[in-house]
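Engineer: Each residue of the sequence shown is one higher than the last, beginning at 12 in the working numbering.
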Amino acid sequence: MASSTKPIVICFIFFLSTLSSYVCARSSSAIPKPKAWPLQFHSILWMNYNGSLEMIDLWYDWSNGRNFNIIQSQLGKLLYDLEWNNGTSFFFTLDSNKECRTAQLEVGILRPNWLDGAKYLGQRHVDGFLCNVWEKADFIVYYEDVLTKRPVHWVFYTGRQAHVITFEVGAVLEDAKWQAPVYCFDKTNELEATVTASQGRVLDGFFEGPRQL
Ligand SMILES: *[C@@H]1O[C@H](CO)[C@@H](O)[C@H](O)[C@H]1NC(C)=O
Ligand SMILES: *[C@@H]1O[C@H](CO)[C@@H](O)[C@H](O)[C@H]1NC(C)=O
């Protein structure tokens, strides 16, 4: 009896070990990675912070080291948030009030691969799209369309949500539009201290916090 069961047991152990190595190989290669951002794109975002709505025209331009958020709050202000890769940000309006505030962040704009190292949370439906979902540093949860790998949605730790409405890869805003107005360079308008934790939080190039003028 012992002599006849031995090959079966050996075969079974061999079967288990190949099965487990197959399963392990499958599961490690199956953990999806977020797609890096294109070097240049234009996106329209709808933002919802606890029912307070904004529409953002986002011009991401890594190639030229700049990022522009043109923020229209519902029936409210049109605010320009221009960020340079050297950490300088200008927040301004282009109306007769001539408001401008400058800020110096310790980091530049978001790197295209800023999602590297994010923790995979699995798949969920959001805004009607089946998405792969990642979390980065308790700061942001990011949803990417499974089929097209385009960003669909993200949520900051504050609860502020972005819904991606358009995503035009390669679109670039003309150079003249990147010029902050002269009143941003007034002597009286001193460069503000580095943005601190009390004003908001920064992850890579993301600043999440109040942006009032
Ligand atoms: C969200 O909005 C509601 C209603 O306006 C308000 O009562 C609540 O305090 C707000 N919550 C936050 C976190 O701002
Ligand atoms: C960063 O670059 C912008 C655009 O060229 C410039 O206006 C700003 O003064 C620079 N900031 C610093 C700290 O060099």
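Each residue gets a CB set at the ideal place from its N, CA and C atoms; glycine is no exception.
Does the structure place the stretch 47–61 close enough to the stretch 133–144 that three or more beta carbon pairs sit under 8 Å?
Structural biologist: Verdict: no, contact absent.
Engineer: Can you tell me which residues fall inside 5 Å of ligand 2, judged by beta-carbon distance to its nearest heavy atom, and keep chain order?
Structural biologist: Going by the Cβ distance cut-off, the answer is 95, 97 and 99.
Engineer: Grouping DSSP H, G and I as helix and E and B as strand, with all else coil, what is residue 219?
Structural biologist: The sequence position of residue 219 within the sequence shown is 208, counting from 1. Strand, per DSSP.
Engineer: For residue 180 versus residue 154, is the C-beta spacing smaller than 8 Å?
Structural biologist: Looking up residue 180 in the sequence shown gives position 169. Looking up residue 154 in the sequence shown gives position 143. Cβ distance not < 8 Å, so residue 180 and residue 154 don't count as in contact.
Engineer: Among all residues, which have a Cβ less than 6 Å from at least one non-hydrogen atom of ligand 1, and in what chain order do they fall?
Structural biologist: Those residues are 61 and 62, given in chain order.
Engineer: Strictly by DSSP, which residues pair up with residue 109?
Structural biologist: Position 98 of the sequence shown holds residue 109. Answer by DSSP bridge pairing: none, since residue 109 is not bridged.
Engineer: Looking at the secondary structure, which residues open and close the beta strand (DSSP E) in which residue 78 lies?
Structural biologist: Residue numbering aside, residue 78 sits at position 67 when the sequence shown is read from its first letter. 77–84 is the extent of the beta strand (DSSP E) around residue 78.
Engineer: Candidates 70, 105 and 94: which alpha carbon is nearest residue 120's?
Structural biologist: Start at 1 with the first residue of the sequence shown, and residue 120 comes out as number 109. Out of 70, 105 and 94, 94 has the C-alpha closest to the C-alpha of residue 120.
Engineer: Taking the straight line between their C-alpha atoms, what separation do you get for residue 188 and residue 70?
Structural biologist: Translated into positions along the sequence shown, residue 188 becomes position 177. Translated into positions along the sequence shown, residue 70 becomes position 59. Cα to Cα, residue 188 sits roughly 11 Å from residue 70.
Engineer: Look up residue 95 in the DSSP assignment and give the residues it is bridged to.
Structural biologist: Along the sequence shown, read from residue 1 onward, the residue named residue 95 stands at position 84. Per DSSP, 77.
Engineer: Within 10 angstroms of the Cβ of residue 89, are there 16 or more other Cβ atoms? Answer buried if so, exposed if not.
Structural biologist: As a working note, residue 89 is residue 78 in the sequence shown. Residue 89 should be labelled exposed.
Engineer: Among the residues of its own chain, which have a CB less than 8 Å from the CB of residue 146, if the five just before and after it don't count?
Structural biologist: The residue labelled residue 146 in the question sits at position 135 within the sequence shown. Contacts found: 129, 130, 132, 152 and 153.
Engineer: Buried or exposed: residue 185, going by 16 or more other Cβ atoms within 10 Å of its Cβ?
Structural biologist: For the purposes of this step, residue 185 is taken as the residue at position 174 of the sequence shown. Looking at its Cβ environment, which holds fewer than 16 other Cβ atoms inside 10 Å, residue 185 is exposed.
Engineer: Residue 167 and residue 150: beta carbons closer than 8 Å?
Structural biologist: Taking the sequence shown and counting its residues from 1, the one referred to as residue 167 is at position 156. Taking the sequence shown and counting its residues from 1, the one referred to as residue 150 is at position 139. In contact: residue 167 and residue 150 (Cβ atoms closer than 8 Å).
Engineer: Which parts of the stretch 160–187 are runs of the beta strand (DSSP E), unbroken and 3 residues or longer, counting only runs that do not cross its ends?
Structural biologist: Those beta strand (DSSP E) runs which fall completely within the stretch 160–187 and span 3+ residues are 162–167 and 172–180.
Engineer: Give the secondary structure of residue 125 by DSSP, where H, G and I count as helix, E and B as strand, and everything else as coil.
Structural biologist: Translated into positions along the sequence shown, residue 125 becomes position 114. DSSP places residue 125 in coil when its eight states are reduced to three.
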